[in-house]
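K.L.:
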Amino acid sequence: MMDWKKEEDKFVLPTYEKFPFVLERGEGCFVWDDEGNKYLDLYGGHAVCALGHSPKAVCDAISEQSKKLLFYSNLVYHPERARAAQRLADLCGGGQVFFCNSGAEANENAMRVARLVTGRPMILATMGSFHGRTAGAMAATGNPKYMKLSGLGASVAHVPFGDIAAASAMIDEQTAGVLLEPIQSMAGIVEPPEGYLEALEKLCRERGALLIFDEVQTGLGRVGARSAAELFGVKPHLQTFAKALGSGVPAGAVLASPEIAAKVKQGDLGSTFGGGPLACAAVSATLGEISGRKLWENAAKMEALVRETFKLPRIKAIRGKGLLLGIVLDGPSKAVRKALLEKRILVGGADDPNVIRLLPPLTVTESEILTLRNALAEIFAGEAVAA
Ligand SMILES: Cc1ncc(COP(=O)(O)O)c(C=O)c1O
Numbered sequence: 003m004m005d006w007k008k009e010e011d012k013f014v015l016p017t018y019e020k021f022p023f024v025l026e027r028g029e030g031c032f033v034w035d036d037e038g039n040k041y042l043d044l045y046g047g048h049a050v051c052a053l054g055h056s057p058k059a060v061c062d063a064i065s066e067q068s069k070k071l072l073f074y075s076n077l078v079y080h081p082e083r084a085r086a087a088q089r090l091a092d093l094c095g096g097g098q099v100f101f102c103n104s105g106a107e108a109n110e111n112a113m114r115v116a117r118l119v120t121g122r123p124m125i126l127a128t129m130g131s132f133h134g135r136t137a138g139a140m141a142a143t144g145n146p147k148y149m150k151l152s153g154l155g156a157s158v159a160h161v162p163f164g165d166i167a168a169a170s171a172m173i174d175e176q177t178a179g180v181l182l183e184p185i186q187s188m189a190g191i192v193e194p195p196e197g198y199l200e201a202l203e204k205l206c207r208e209r210g211a212l213l214i215f216d217e218v219q220t221g222l223g224r225v226g227a228r229s230a231a232e233l234f235g236v237k238p239h240l241q242t243f244a245k246a247l248g249s250g251v252p253a254g255a256v257l258a259s260p261e262i263a264a265k266v267k268q269g270d271l272g273s274t275f276g277g278g279p280l281a282c283a284a285v286s287a288t289l290g291e292i293s294g295r296k297l298w299e300n301a302a303k304m305e306a307l308v309r310e311t312f313k314l315p316r317i318k319a320i321r322g323k324g325l326l327l328g329i330v331l332d333g334p335s336k337a338v339r340k341a342l343l344e345k346r347i348l349v350g351g352a353d354d355p356n357v358i359r360l361l362p363p364l365t366v367t368e369s370e371i372l373t374l375r376n377a378l379a380e381i382f383a384g385e386a387v388a389a
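Numbering (the numbering used here), first residue to last: 3 to 389.
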C-alpha cells in the first residue's frame with residue numbers, strides 16, 4: 003500500500019502539525035482512515051463541517067451545478083449567487099453581500115469597506131484575536147488605482163479584549179472600524195464580559211466608526227443562535243463569514259448592513275473566484291439546511307448537555323456558547339487530547355494550553371456528546387490510578 007503520509011511530507015511544505023492518519027471518507031460526525039478505523043470528529047474539520055461530513059444536500063447541489071456551469075466570474079449574473087446572498091442576509095440580519103474565498107479575505111475586505119466608507123485610516127482590534135493570514139498582496143500590486151485601496155499604509159492598533167475603557171480611549175476621528183471576534187475562538191474560547199459588545203456598538207455609533215464582527219467561527223448557527231450578533235443583540239455594520247459557509251467548498255463573505263451597503267461603489271472590491279457558481283451552489287445549499295433545520299437550536303441543546311454532564315474532576319470550567327466550546331482543564335490539555343485520539347475521538351487545542359476546543363458538526367447527537375464525556379471520565383480515572 004502506498005504510504006501517503008510519506009508522499010505528502012515529501013511534496014507539501016511542512017507547515018502543519020497533523021493527526022497521524024490518512025483520511026479517506028466521512029459521513030455525519032464520523033471520518034474513516036485508510037486502514038478502516040472510524041473516528042468521532044468533534045473538531046468538525048476546524049468548524050467547517052457544520053452539516054457533518056459530505057452532507058447530501060450540498061454534495062447534490064455542487065454535483066448538479068458542476069455539470070451545468072463550473073465557473074464564470076462576477077461579470078455575469080447567476081441564480082445561485084442571488085440565492086446564496088439572499089439566504090445569508092435572511093439568516094444574519096439583512097443587508098448586502100460581497101463574496102470571496104476565505105475568512106482572511108473576508109476580513110481584509112471588511113476593513114477595506116470600513117476605510118472607504120469612513121475615509122479614516124485606523125482599525126482597532128483586540129488582543130488574543132485571530133483574523134487570518136493574508137498580508138500585502140494588494141500593497142504589492144503596482145497600479146495606483148488599487149494601491150490606494152490597500153490600506154496597508156494605515157495601521158491597526160490593539161486593545162485588551164473585554165476592556166471597554168481601553169477601547170473608548172482609542173476610538174477617535176481616525177478610527178475607521180473596530181474588528182473583533184464576538185467570542186474569541188483560537189485564544190481558547192474567551193467570552194466577552196456582560197454588556198461589552200453592546201457598549202462597543204454604542205461607542206462606534208457615537209464616534210462614526212464601523213463595528214465589524216468576525217463571525218467566521220461564531221456565525222451560521224454555531225453559537226446557539228443564527229449569529230453572534232443575534233445572540234448578543236448587537237447590530238454590527240459589517241459581519242464576516244467563511245468556515246461553514248460552503249461546507250468545505252472554499253467560500254467567504256462580507257455582509258454589509260443596509261446603511262453601509264448603500265455606500266459601497268462599483269470597483270471598491272473584487273475577487274476572481276469569489277461568488278462563483280460552484281461555491282454559491284454550496285453556500286445556498288448549506289444555508290438552506292442550517293435555516294430549514296434551525297440547527298442553532300441543536301447547538302444550544304448540546305451546550306446545555308455538556309454543561310450538565312461534564313462535571314468531571316479535572317474540568318475547571320466550560321467556556322463558550324452553543325457548539326463553540328472550550329473545556330478548561332486544571333493543566334495542559336495535550337496529553338488528554340492524545341488519549342482521546344487513541345480512543346478515536348478528534349478534538350482541538352487552542353492558544354490557551356489548558357483548553358480542549360470542541361467545534362463539532364451542528365448535527366451532533368446526544369449520544370456522540372456522551373461518548374466524549376465517558377471517554378474523558380475514563381482517561382481521568384486512568385490518570386488518577388497511575389498517579
Ligand atoms: C475567527 C477567524 N477569523 C478568520 C479566520 C481565517 O479564515 P481562513 O483560514 O479561511 O482565511 C479564522 C480561521 O481559523 C478564524 O477562526
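Beta carbons are placed, not taken as given, at the ideal position from N, Cα and C, and that holds for glycine. On a predicted model such as this, the values are computed, not experimentally measured, just so you know.
Could you tell me the alpha carbon to alpha carbon distance between Leu77 and Pro252, rounded to whole angstroms?
P.N.:
Taking the first residue of the sequence shown as 1, we reach residue 77 at position 75. Taking the first residue of the sequence shown as 1, we reach residue 252 at position 250. Cα-Cα distance, rounded: 20 Å.
K.L.:
Can you name, in chain order, every residue of its own chain whose Cβ lies under 6 Å from the Cβ of Glu183, other than the five neighbours on each side?
P.N.:
Here residue 183 corresponds to residue number 181 of the sequence shown, with the count starting at 1. Cβ neighbours of Glu183 beyond the five flanking positions: Ser131, Asp216.
K.L.:
Decide if the segment 106–125 is in contact with the segment 235–242; the criterion is three or more beta carbon pairs, one per stretch, under 8 Å apart.
P.N.:
With the cut-off at 8 Å, the segment 106–125 and the segment 235–242 touch.
K.L.:
Between Thr136 and ligand 1, is the CB less than 8 Å from at least one heavy atom?
P.N.:
On the sequence shown, position 134 is the one that residue 136 refers to. True, at least one ligand heavy atom lies under 8 Å from that Cβ.
K.L.:
Taking 8 Å as the cut-off, is the beta-carbon of Val192 closer than that to any non-hydrogen atom of ligand 1?
P.N.:
As a first step, residue 192 is located in the sequence shown; it is residue number 190 there, counting from the start. No, ligand 1 has no heavy atom inside 8 Å of this Cβ.
K.L.:
Give me the DSSP bridge partner(s) of Glu29.
P.N.:
Translated into the one-based positions of the sequence shown, residue 29 becomes position 27. Per DSSP, Phe32.
K.L.:
When we look at the beta-carbon of His48 and count the other beta-carbons within 10 Å, is it buried (16 or more) or exposed?
P.N.:
Walking along the sequence shown from the start, residue 48 turns up at place 46. Exposed, because fewer than 16 other Cβ atoms sit within 10 Å of the Cβ of His48.
K.L.:
Need the endpoints of the alpha helix (DSSP H) that Met113 sits in, please.
P.N.:
The residue labelled residue 113 in the question sits at position 111 within the sequence shown. Here the alpha helix (DSSP H) through Met113 covers 105–120.
K.L.:
Return helix, strand or coil for Val14, following the three-state DSSP convention.
P.N.:
Reading the sequence shown from its first residue, position 12 is the one you call residue 14. If DSSP states are grouped into helix, strand and coil, Val14 belongs with coil.
K.L.:
With DSSP run on the structure shown, which of helix, strand or coil describes Asp353?
P.N.:
Along the sequence shown, one-based indexing puts residue 353 at 351. Here Asp353 sits in coil by DSSP.
K.L.:
Please report the residue range of the beta strand (DSSP E) in which Val330 lies.
P.N.:
Along the sequence shown, one-based indexing puts residue 330 at 328. Its beta strand (DSSP E) spans residues 326–331.
K.L.:
Is the segment 295–306 close to the segment 183–199, with three or more CB pairs under 8 Å?
P.N.:
No, the segment 295–306 does not touch the segment 183–199.
K.L.:
How about Thr17: is its Cβ closer than 8 Å to a heavy atom in ligand 1?
P.N.:
For the purposes of this step, residue 17 is identified with residue 15 of the sequence shown, where counting begins at 1. No, the beta carbon of Thr17 sits no closer than 8 Å to any heavy atom of ligand 1.
K.L.:
Whole angstroms are fine: how far does the CA of Thr177 sit from the CA of Asp92?
P.N.:
On the sequence shown, position 90 is the one that residue 92 refers to. On the sequence shown, position 175 is the one that residue 177 refers to. Roughly 29 Å separates the two Cα atoms.
K.L.:
Looking only at its own chain, which residues have a Cβ that is under 6 Å from the Cβ of Thr120, when we skip the five neighbours before and after it?
P.N.:
Within the sequence shown, numbered from 1, the residue matching residue 120 stands at position 118. Closer than 6 Å at the Cβ level, and outside the excluded window around Thr120, lie Ala178.
K.L.:
Indicate whether the contact test is met: 3 or more Cβ pairs, each with one atom in the segment 86–104 and one in the segment 254–267, closer than 8 Å.
P.N.:
Yes, they touch.
K.L.:
Looking at Lys245 and ligand 1, is the gap between the Cβ and the nearest heavy atom below 8 Å?
P.N.:
The sequence position of residue 245 within the sequence shown is 243, counting from 1. Lys245: yes, Cβ under 8 Å from ligand 1.
K.L.:
Which value, in whole angstroms, describes the spacing of the CA atoms of Ala381 and Gly272?
P.N.:
Taking the first residue of the sequence shown as 1, we reach residue 381 at position 379. Taking the first residue of the sequence shown as 1, we reach residue 272 at position 270. A small correction: the amino acid at residue 381 is Ile; Ala does not occupy that position in the sequence shown. One C-alpha to the other measures close to 50 Å.
K.L.:
Between which two residues does the beta strand (DSSP E) carrying Gln176 extend?
P.N.:
For this step, residue 176 is matched to residue 174 along the sequence shown. First-last for Gln176: undefined, no H or E at that position.
K.L.:
Look at Arg321 and Ile166 and say whether their C-beta atoms are less than 9 Å apart.
P.N.:
The residue given as residue 321 occupies position 319 in the sequence shown. The residue given as residue 166 occupies position 164 in the sequence shown. Contact flag unset, no.
K.L.:
In the DSSP output, what is Leu93 paired with across the bridge?
P.N.:
Stepping through the sequence shown from its first residue, residue 93 is reached at position 91. DSSP, once it has assigned bridges, lists no residue as partnering Leu93.
K.L.:
Assuming Leu213 and Val266 are in contact, meaning their beta carbons sit under 8 Å apart, how far apart are those beta carbons, in whole angstroms?
P.N.:
As a first step, residue 213 is located in the sequence shown; it is residue number 211 there, counting from the start. As a first step, residue 266 is located in the sequence shown; it is residue number 264 there, counting from the start. Their Cβ separation, rounded to whole angstroms, is 16 Å, which puts Leu213 and Val266 out of contact at 8 Å.
K.L.:
May I ask which residues mark the beginning and end of the alpha helix (DSSP H) holding Val338?
P.N.:
By one-based count along the sequence shown, residue 338 stands at place 336. Val338 -> alpha helix (DSSP H) spans 336–344.
K.L.:
Per DSSP, what are the beta-bridge partners of Val256 in this structure?
P.N.:
Within the sequence shown, numbered from 1, the residue matching residue 256 stands at position 254. Beta-bridge pairing links Val256 to Phe100, Thr242.
K.L.:
For ligand 1, I want to know if Leu216 counts as a neighbour, meaning its beta carbon is within less than 8 Å of at least one of the ligand's heavy atoms.
P.N.:
Numbered from its first residue, the sequence shown carries residue 216 at position 214. A small correction: the amino acid at residue 216 is Asp; Leu does not occupy that position in the sequence shown. The answer is yes for Asp216.
K.L.:
Output yes or no for whether 9 Å exceeds the beta carbon distance between Tyr348 and Val50.
P.N.:
Position 346 of the sequence shown holds residue 348. Position 48 of the sequence shown holds residue 50. Note on residue identity: the sequence assigns Leu, not Tyr, to residue 348. Not in contact: Leu348 and Val50 (Cβ atoms no closer than 9 Å).
K.L.:
Can you tell me where the beta strand (DSSP E) with Gly322 in it begins and where it stops?
P.N.:
Numbered from its first residue, the sequence shown carries residue 322 at position 320. That run of the beta strand (DSSP E) goes 317–323.
K.L.:
Would Glu291 and Pro57 be called neighbours here (beta carbons separated by less than 9 Å)?
P.N.:
Here residue 291 is taken as the residue at index 289 of the sequence shown, counted from 1. Here residue 57 is taken as the residue at index 55 of the sequence shown, counted from 1. Cβ distance < 9 Å, so Glu291 and Pro57 count as in contact.
K.L.:
Can you determine whether any heavy atom of ligand 1 sits closer than 8 Å to the C-beta of His133, and answer yes or no?
P.N.:
For the purposes of this step, residue 133 is taken as the residue at position 131 of the sequence shown. Answer for His133: yes, Cβ within range of ligand 1.
K.L.:
Since I believe Leu247 is in contact with Thr288 (beta carbons under 8 Å), could you give me their beta-carbon distance rounded to a whole number of angstroms?
P.N.:
The residue given as residue 288 occupies position 286 in the sequence shown. The residue given as residue 247 occupies position 245 in the sequence shown. Thr288 to Leu247, Cβ: 7 Å. Contact.
K.L.:
Taking the alpha-carbon positions, what's the Ala231 to Leu378 distance?
P.N.:
Here the question's residue 231 lines up with position 229 in the sequence shown. Here the question's residue 378 lines up with position 376 in the sequence shown. For Ala231 and Leu378, the distance between alpha carbons rounds to 33 Å.
K.L.:
If you reduce the DSSP assignment to three classes, tell me which class Ile191 lands in.
P.N.:
Residue mapping note: residue 191 aligns to position 189 of the sequence shown, counting from 1. In the structure shown, Ile191 sits in coil (DSSP, three-state: anything other than H, G, I, E or B).
K.L.:
Locate the alpha helix (DSSP H) running through Met129, then write down its first and last residues.
P.N.:
In the sequence shown, residue 129 corresponds to position 127, counting from 1. From DSSP, Met129 is part of no alpha helix (DSSP H); its letter is neither H nor E.
K.L.:
Between the beta-carbon of Leu326 and the beta-carbon of Leu374, is there less than 9 Å?
P.N.:
The residue labelled residue 326 in the question sits at position 324 within the sequence shown. The residue labelled residue 374 in the question sits at position 372 within the sequence shown. For Leu326 and Leu374, no; Cβs fall outside 9 Å.
K.L.:
Considering only the beta carbon of each residue, do Gly226 and Ala301 sit closer than 9 Å?
P.N.:
As a first step, residue 226 must be located in the sequence shown, where it is residue number 224. As a first step, residue 301 must be located in the sequence shown, where it is residue number 299. Cβ distance < 9 Å, so Gly226 and Ala301 count as in contact.
K.L.:
On the DSSP bridge assignment, give the partners of Ile214 in chain order.
P.N.:
For the purposes of this step, residue 214 is taken as residue 212 along the sequence shown, with counting starting at 1. Ile214 is bridged to Leu181, Leu240.
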